[in-house]
Amino acid sequence: MSLLKIKMGAWLAPICLLASSFAVADTKMVLNYDGFFDRIEKLDEPEFTSVKLAFYLKQLSDGQVCPIKNVTLKTKLKEKPVYFYDTGEVVLPYDKQLDLDKAKVIIDKDTLEECGLDMRLESTELFQSEVSTSRITKLTSQFDGALESLAGMMAFLTPDVVGVTFLAAPADELKVVNSKVGQCKSNRCTITIKEIEQVDTVLFNLAPVKALPYITK
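Numbering (our numbering), first residue to last: 95 to 311.
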């Protein structure tokens with residue numbers, strides 16, 4: 095995976111970032127765990143407690159969720175199941191021993207479609223319908239720092255995170271109801287730091303389920 099592509103490529107543009115994918119046209123994908131561990135490790139710091147690097151299995155043809163039958167982590171001596179969601183998210187653990195044991199991530203797909211494992215930064219916190227602007231500022235700062243950490247020596251090429259995009263469930267419509275800040279469409283509302291300088295809180299019509307970094311092109 096290219097860290098530069100994590101920075102510059104847009105997935106669900108421009109609210110989050112895309113990484114190039116490992117992909118095969120078979121029903122089974124076998125990936126090295128160490129590449130994922132190295133990236134997860136970069137965010138295992140106190141300053142990144144509100145954000146995480148999430149991994150999603152997507153069909154390369156249309157970007158839709160790639161259906162999954164099963165995911166396991168396997169070493170020479172043992173294997174363990176890996177939890178996954180219907181959204182295609184694969185929840186990989188942060189485990190130094192698995193890295194040392196050269197573990198493999200084995201994904202059994204429920205399709206012959208070519209799929210890839212994408213990654214994006216997203217929030218780890220739970221939200222209420224009312225979100226303080228100080229919390230939005232904190233999330234923006236953590237997303238920005240996380241991107242720079244992942245970029246390493248290429249951090250100078252990283253665009254600034256200028257705000258946060260809040261997401262509701264796919265079937266819901268998200269709106270800001272207490273002010274004119276933000277740009278909302280369908281199940282998402284994007285709020286920039288500049289917009290909230292004179293606002294203490296942002297009130298949504300329902301509680302967002304997660305937040306993603308917002309980067310202007």
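Quick reminder that beta carbons are idealized off the backbone N, C-alpha and C, glycines included.
Asked: Host alpha helix (DSSP H) of Glu242 (start-end); Found: Thr227 to Ala245
Asked: Residue span of the alpha helix (DSSP H) that contains Ile134, given as start and end; Found: Tyr127 to Lys136
Asked: Distance between Asn126 and Leu261 (C-alpha atoms, nearest Å); Found: 31 Å
Asked: Residues bridged to Gly257 [DSSP beta-bridge criterion]; Found: Thr286 and Tyr308
Asked: Beta-carbon proximity check, Pro307 vs Val258, cutoff 8 Å; Found: yes
Asked: Segment contact flag, the stretch 226-243 with the stretch 187-206, C-beta cutoff 8 Å, min 3 pairs; Found: no
Asked: Identity of the residue in Val124, Thr310, Val303 and Tyr150 nearest Thr252 by Cα; Found: Thr310
Asked: Inter-residue spacing [alpha-carbon to alpha-carbon] between Ile287 and Thr231; Found: 7 Å
Asked: Inter-stretch contact (C-beta, 8 Å, three-pair minimum) for the stretch 192-209 and the stretch 267-283; Found: no
Asked: Proximity to Val256 [Cα-Cα], best of Lys146, Gly210 and Ser235; Found: Ser235
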